[in-house]
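Enquirer: If you're matching them up, the sequences are chains Z and F in order. All residue numbers for the first sequence refer to my numbering, where the first residue is 18 and numbers rise by one. All residue numbers for the second sequence refer to my numbering, where the first residue is 66 and numbers rise by one. Just so you know, even glycine gets a beta-carbon here, dropped at the ideal spot from N, CA and C.
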Amino acid sequence: MSNPTPAALFAAFFRIGVTSFGGGLVAYLRDEIVTNKQWMTPEEFLAALEIGQTLPGLNSVNVAIIAGRKLCGPAGAIAAASGLVIPGALILVALGLLYERFHKNPDVAAALVGIAAAAVGLLLQVTLKIGAKQFLNPLDLFFVLLTFVLVALFHVSLPVVLFLVAPFAIILRRPRKPKASA
Amino acid sequence: MRELVSLLNVFCLLSLLAVGGGSAVLPQMEHETVTVHQWVSATDFATIYSLGQMAPGPNMTMVGLIGYKAAGMAGMLVVLLAFYLPSSFLTYAASHIWDTFKDNPWRDSVQAGMAPITIGLMLAGVYAVGKTASFSPEHSLHFNAITCGVGLAVTGILFAKHINPALLILAGGFVGWFFLKGV
Chain Z
18 MSNPTPAALF AAFFRIGVTS FGGGLVAYLR DEIVTNKQWM TPEEFLAALE
68 IGQTLPGLNS VNVAIIAGRK LCGPAGAIAA ASGLVIPGAL ILVALGLLYE
118 RFHKNPDVAA ALVGIAAAAV GLLLQVTLKI GAKQFLNPLD LFFVLLTFVL
168 VALFHVSLPV VLFLVAPFAI ILRRPRKPKA SA
Chain F
66 MRELVSLLNV FCLLSLLAVG GGSAVLPQME HETVTVHQWV SATDFATIYS
116 LGQMAPGPNM TMVGLIGYKA AGMAGMLVVL LAFYLPSSFL TYAASHIWDT
166 FKDNPWRDSV QAGMAPITIG LMLAGVYAVG KTASFSPEHS LHFNAITCGV
216 GLAVTGILFA KHINPALLIL AGGFVGWFFL KGV
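1. Can you round the beta-carbon distance between Z:P59 and F:L155 to whole angstroms, since I take them to be within the 8 Å contact cut?
2. Leaving out the 5 sequence neighbours to the left and right, which residues in its chain are closer than 8 Å to Z:V178 when beta-carbon positions are compared?
3. Give a yes or no on whether the minimum CB-CB distance between Z:D48 and chain F is below 9 Å.
4. Do F:L206 and F:V90 have their C-beta atoms within less than 9 Å of each other?
5. Is Z:A106 helix, strand or coil when you go by DSSP?
6. Beta-carbon within less than 7 Å of Z:L158's beta-carbon, same chain only, minus the 5 sequence neighbours each way: which residues are those?
7. Just the Cα atoms here: how many angstroms apart are Z:P21 and Z:F38?
8. For the alpha helix (DSSP H) containing F:W242, list its first residue and its last residue.
9. How would you call Z:R190, buried or exposed, if buried means at least 16 neighbouring beta carbons within 10 angstroms?
10. Give a yes or no on whether the C-beta atoms belonging to Z:P23 and Z:G93 are separated by under 9 Å.
11. Using the three-state DSSP reduction, which class does Z:V143 fall into: helix, strand or coil?
12. Can you tell me which of the three DSSP states F:T126 falls into?
13. Within 9 Å of any Cβ in chain Z, is that where the Cβ of F:P202 sits?
14. In this structure, how does DSSP classify F:S152 when only helix, strand and coil are distinguished?
15. Name, please, each residue of chain F whose Cβ falls closer than 8 Å to the Cβ of Z:V102.
16. Does the stretch 191-202 of chain F come close enough to the stretch 84-98 of chain Z to have 3 or more Cβ pairs within less than 8 Å?
17. Counting pairs of Cβ atoms below 8 Å between the stretch 241-248 of chain F and the stretch 122-135 of chain Z, do you hit three or more?
18. Measuring only the C-alpha atoms, how far is Z:G85 from Z:N79?
19. List, in chain order, every chain F residue whose beta-carbon is nearer than 8 Å to that of Z:P155.
20. Starting from Z:W56, follow the alpha helix (DSSP H) in both directions and report where the run begins and ends.
21. Once DSSP output is grouped into helix, strand and coil, what is the label at F:H161?
22. Could you name the residues of chain Z that F:V240 contacts, counting a contact when the two beta carbons are closer than 7 Å?
23. Between the alpha carbons of F:G237 and F:M119, how many angstroms are there, rounded?
24. Can you give the Cα-Cα distance for Z:R32 and F:K134, rounded to whole angstroms?
25. Z:G234 to F:W171, Cα distance in whole Å?
26. Which two residues bound the contiguous alpha helix (DSSP H) that contains Z:A186?
27. In angstroms with no decimal places, state the Cα-to-Cα distance between F:S160 and F:V240.
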C-alpha cells in the first residue's frame, strides 16, 4: 500500500472537517483513516490516539498531526491538521459575522440564549461520561473536586494547578513494584 | 499590534496547558479573555463557545472568533495559529520519541493521575460557561429555569439516546426563541 500524497491527505481531512458536525471527531478520523482509506491499522491508530490524548492540545488535531507525519512527513502533518481545522474556521467566520450583525435582533438573541444553554448541557454530559470512572473512585473524586474548587471558585491559575496538584495525583498512582516473577 | 501580542501570549500558553483536550482550558480561557483582557463579554464568550459546538471540525476552533472580536481578521489568524501550533509541534516531536516511553510504567501513572484533574478542569469549564449561559442572577427565575432546563434536558437526552449533539444545540436554539423572546 503506497502512502498518500499531502494533497490526498488534505482532501481526506478536509472532508472530515466539513462533515463532522456535533463533535466526536476521533470517531470520524478512525472511520476515514482506518476503515475507508486503510492508511493505518487499528493498532497504529490507537497508538496515535494514546499519544494525542496524553499530550496537550486537542485530541483530534494531535491525531491528525501524528497520522500525517507517519504517512507523509512534515508536509503530511501540516496537510492533515490544516485540512481538519480550516473548514470549521471558515464556517465560524460566517457564524461570527452573522452574530455581529444580528445579535441585537430579539429573535436571534433568544435563540442564542437557548443555544448557549444547550451547549452547557452538552459539555456537562461529555464531562460526566468521560469522568464516570473518576467520579466513582474516592481518591480520583477528591482530585476532581479539588481541581474544580481551586479553578472555578478560587480562580487559581491553570499552570499552578498543573504543577502543584498534578505531581501529587501522579505520585499517588505511581507504578507498583512488579509482583515477584514466578 | 500590542493586542495581537497579548492574544499570542495568552493562546500559546493555553495551547500548551490543554492537557486532556481543549475543554480543560475553558475556565482559564474565560478568565483571561473576559476578566483580564476584556476581549469579549461573558455573554459573548458563552455564545462563541456554543457557536463552536455547531460548526464542524474541532469545536475549539471557536477561539478564532475571540481573536476576531479582539483584533479583526489578523486577531483570528494569530489566535488560531497560537492555539494550534505549539501543541502540534510538541505532538510532532513527541511522536518521534514516543517508542522510548511506550513501555515505561510511569506513563500509565501520568495518565491515571492526570485523568481526575482533567475532569475537574472540564467541570470548572461547565461552571465558567454555565454561570452566564445557564444561571445568571441578572435574569428572572423563569428565564433561569428555562436555560437550566434546556441544559439538563440535553445532558439527559444524550445519556439516554445516541443522537447528534449539533441537532440538540439547534433544538435548544428553538426552545430559546420560543420561550425567551423578549423576556
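Expert: Looking at the atomic coordinates:
1. Indexing the first sequence from 1 puts residue 59 of chain Z at position 42. Indexing the second sequence from 1 puts residue 155 of chain F at position 90. Contact flag wrong, Cβ pair sits at about 25 Å.
2. Mapped onto the first sequence, residue 178 of chain Z falls at position 161. T164, L167, V168, listed in sequence order.
3. Indexing the first sequence from 1 puts residue 48 of chain Z at position 31. Not one chain F Cβ lies under 9 Å of Z:D48.
4. Numbered from its first residue, the second sequence carries residue 206 of chain F at position 141. Numbered from its first residue, the second sequence carries residue 90 of chain F at position 25. Not closer than 9 Å, so no.
5. Counting from one through the first sequence, the residue named residue 106 of chain Z turns up at place 89. In the three-state reduction of the DSSP assignment, Z:A106 falls in the helix class.
6. Here residue 158 of chain Z refers to the residue found at position 141 when the first sequence is read from its first residue. So the qualifying residues of the chain are Q151, F152.
7. If you number the first sequence from 1, residue 21 of chain Z lands on position 4. If you number the first sequence from 1, residue 38 of chain Z lands on position 21. Z:P21 and Z:F38: Cα-Cα distance of roughly 25 Å.
8. Here residue 242 of chain F is taken as the residue at index 177 of the second sequence, counted from 1. F:W242 -> alpha helix (DSSP H) spans 230-245.
9. Taking the first sequence and counting its residues from 1, the one referred to as residue 190 of chain Z is at position 173. With 16 or more Cβ atoms within 10 Å of its Cβ, Z:R190 is classed as buried.
10. Here residue 23 of chain Z is taken as the residue at index 6 of the first sequence, counted from 1. Here residue 93 of chain Z is taken as the residue at index 76 of the first sequence, counted from 1. In contact: Z:P23 and Z:G93 (Cβ atoms closer than 9 Å).
11. Reading the first sequence from its first residue, position 126 is the one you call residue 143 of chain Z. The answer is helix: DSSP assigns Z:V143 an H, G or I state.
12. In the second sequence, residue 126 of chain F corresponds to position 61, counting from 1. Correct three-state label for F:T126: helix.
13. Taking the first residue of the second sequence as position 1, residue 202 of chain F is located at position 137. Taking 9 Å as the threshold, the shortest C-beta distance from F:P202 to chain Z does not fall below it.
14. One-based indexing of the second sequence puts residue 152 of chain F at position 87. Three-state DSSP puts F:S152 in a helix.
15. To locate residue 102 of chain Z, count along the first sequence from 1; it is residue 85. Under the 8 Å cutoff, chain F gives G122, P123, T126, L145, Y149.
16. No contact exists between the stretch 191-202 of chain F and the stretch 84-98 of chain Z.
17. yes
18. Stepping through the first sequence from its first residue, residue 85 of chain Z is reached at position 68. Stepping through the first sequence from its first residue, residue 79 of chain Z is reached at position 62. Roughly 10 Å separates the two Cα atoms.
19. Taking the first residue of the first sequence as position 1, residue 155 of chain Z is located at position 138. Chain F residues near Z:P155: none, gap ~11 Å exceeds 8 Å.
20. Locating residue 56 of chain Z in the first sequence gives position 39, where the first residue counts as 1. Looking at the DSSP string, Z:W56 is not in any alpha helix (DSSP H), and its letter there is neither H nor E.
21. Against the second sequence, residue 161 of chain F aligns to sequence position 96. Looking at F:H161 - three-state DSSP - the assignment turns out to be helix.
22. Residue mapping note: residue 240 of chain F aligns to position 175 of the second sequence, counting from 1. Under the 7 Å cutoff, chain Z gives G131.
23. The residue labelled residue 237 of chain F in the question sits at position 172 within the second sequence. The residue labelled residue 119 of chain F in the question sits at position 54 within the second sequence. Roughly 11 Å separates the two Cα atoms.
24. Along the first sequence, read from residue 1 onward, the residue named residue 32 of chain Z stands at position 15. Along the second sequence, read from residue 1 onward, the residue named residue 134 of chain F stands at position 69. Their Cα atoms are separated by approximately 28 Å.
25. The requested residue 234 of chain Z does not occur in the structure, where chain Z is confined to residues 18 to 199.
26. Locating residue 186 of chain Z in the first sequence gives position 169, counting from the first residue. Counting along the chain, the unbroken alpha helix (DSSP H) around Z:A186 starts and ends at 183-189.
27. The count along the second sequence starts at 1 and reaches residue 160 of chain F at position 95. The count along the second sequence starts at 1 and reaches residue 240 of chain F at position 175. If I take the Cα positions, the gap works out to 45 Å.
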